[in-house]
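Sequential numbering from 394 applies to the sequence shown in this note's numbering. Think of the CB as a built atom: it goes at the ideal place given N, C-alpha and C, for glycine as much as any other residue. See structure below.
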Amino acid sequence: MPLEPPAEEKFQSKEELFKRVQEHAQLQGYAVVTRSSRKGLLYLQCDKGGQFKNNRNLTEETRKRKPNSKCTGCPFMLRGKELSGEDSEWQLSILESDHNHTPSNNLKDHSILRRLDENQKLLVKKMRSEGSKPIEIVNYFKSSDLPPITIKDVHNIMKKFISNTDSKDSKESTIDSLESLVASLNNNSSEYTSESTKKRKSPSTHQSQQSQTKRKPIKCSRCHQTGHSRAHPDCPLRPTEEELPSLEFSNEDLATWGENIQPSFYHNINDSTFDLTFN
394 MPLEPPAEEK
404 FQSKEELFKR
414 VQEHAQLQGY
424 AVVTRSSRKG
434 LLYLQCDKGG
444 QFKNNRNLTE
454 ETRKRKPNSK
464 CTGCPFMLRG
474 KELSGEDSEW
484 QLSILESDHN
494 HTPSNNLKDH
504 SILRRLDENQ
514 KLLVKKMRSE
524 GSKPIEIVNY
534 FKSSDLPPIT
544 IKDVHNIMKK
554 FISNTDSKDS
564 KESTIDSLES
574 LVASLNNNSS
584 EYTSESTKKR
594 KSPSTHQSQQ
604 SQTKRKPIKC
614 SRCHQTGHSR
624 AHPDCPLRPT
634 EEELPSLEFS
644 NEDLATWGEN
654 IQPSFYHNIN
664 DSTFDLTFN
């Protein structure tokens, strides 16, 4: 029995074109999927089109599991094109009308026909939360005008719903814990600030005057004048570079004194600069 293609008609939108073609294909025992789509063009092919890709180059001897691919390389191809004009209609054209397989006996074999929208997924979640078994949900969809889902589809929908709920709850709990941590840190910092301000007392006028009177003025140990130290350039007795003596040492003196120079010697000359000349 040949699989009849849909009629070449015009449609009001791309969505309507795809819906009508899918309804016709479902009655004939096959399904279509989008091969490619861009602005103004839509290419549809049979869901059994294409070939199984052996990316790992496995053979029948090395393969552990049998591939579950339903691709048969079906050449069936349709094209939808948006027409120019105010109505923006879409024209359906048949590029290849033949199939290389027989009609499907069970529409559940086509995953595209079991695809649910958001409202239908919410219906599955609602029935499952009310205690309905997966087989009961499948039978309800089968008896109603709904996609023919399987028990595996019900499990996949619930698994994804639970994972999304857990991730959302974990994010909310993480945000709550961070907010509580920030609040506790702010409270601790405010308490610490208040306690530290209580401990610190501003000095009174008498205490500040008393502390100023206790301070002794700086006195130079060279000229015994107040107001500067012995290393300050204002000291009149501080030697300049021109007044510094030039010390000359022989190699024998250095060999004799090298290990016996006391640290106090360097301490006494730390304010002056000496020119050491070696013979």
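Beta-carbon separation (whole angstroms), residue i vs residue j, contact threshold 8 Å
| i | j | result |
| --- | --- | --- |
| Lys403 | Leu434 | With a Cβ gap of about 15 Å, Lys403 and Leu434 do not count as contacting. |
| Leu630 | Arg615 | 4 Å |
| Ile542 | Phe554 | About 15 Å separates the two Cβ atoms, so there is no contact after all. |
| Glu675 | Ile487 | Only positions 394 to 672 of the chain appear in the structure, and residue 675 is not among them; the question remains open. |
| Asp502 | Pro468 | Incorrect: roughly 19 Å between the Cβ atoms, too far for contact. |
| Leu506 | Pro540 | 6 Å |
| Arg472 | Tyr436 | 6 Å |
| His417 | Pro399 | 4 Å |
| Gln415 | Glu397 | With a Cβ gap of about 14 Å, Gln415 and Glu397 do not count as contacting. |
Helix, strand or coil at residue i [DSSP, three-state]
| i | result |
| --- | --- |
| Thr543 | coil |
| Leu471 | strand |
| Leu396 | coil |
| Lys463 | coil |
| Lys407 | helix |
| Glu402 | coil |
| Lys609 | coil |
| Ser665 | Confidence in Ser665 is poor, its pLDDT being 47 and thus under 50, which makes the residue's placement unreliable; the coordinate value appears in the next sentence. If DSSP states are grouped into helix, strand and coil, Ser665 belongs with coil. |
| Ala418 | helix |
Extent of the continuous beta strand (DSSP E) run through residue i
| i | result |
| --- | --- |
| Ile487 | 483 to 489 |
| Ala438 | The residue asked about is misnamed: residue 438 is Gln in this sequence, not Ala. 434 to 439 is the extent of the beta strand (DSSP E) around Gln438. |
Euclidean distance between Cα positions of residue i and residue j
| i | j | result |
| --- | --- | --- |
| Glu489 | Ser537 | 34 Å |
| Ser497 | Tyr423 | 6 Å |
| Met520 | Asp480 | 42 Å |
| Ser522 | Met470 | 42 Å |
| Leu515 | Leu509 | 10 Å |
| Gln438 | Val531 | 28 Å |
| Met551 | Lys545 | 10 Å |
| Cys464 | Leu500 | 16 Å |
| Lys407 | Thr558 | 34 Å |
| Pro610 | Arg623 | 14 Å |
| Arg431 | His494 | 29 Å |
| Cys628 | Cys613 | 8 Å |
| Ser556 | Glu511 | 17 Å |
| Gln513 | Ser573 | 39 Å |
| Gly443 | Ser525 | 38 Å |
| Val517 | Thr427 | 26 Å |
| Trp483 | Ser477 | 9 Å |
| Val547 | Glu529 | 10 Å |
| Leu485 | Val425 | 14 Å |
| Lys441 | Gly466 | 6 Å |
Boundaries (first-last residue) of the alpha helix (DSSP H) holding residue i
| i | result |
| --- | --- |
| Arg431 | Looking at the DSSP string, Arg431 is not in any alpha helix (DSSP H); the run it does join, the beta strand (DSSP E), is 425 to 431. |
| Leu630 | First-last for Leu630: undefined, no H or E at that position. |
Residue i: CB within 6 Å of a non-hydrogen atom of the ligand SAM
| i | result |
| --- | --- |
| Gly433 | You won't find the ligand SAM in this model; it holds no ligand whatsoever. |
* For the segment 492 to 557, list the beta strand (DSSP E) runs that are entirely contained and at least 3 residues long, ordered along the chain. => none
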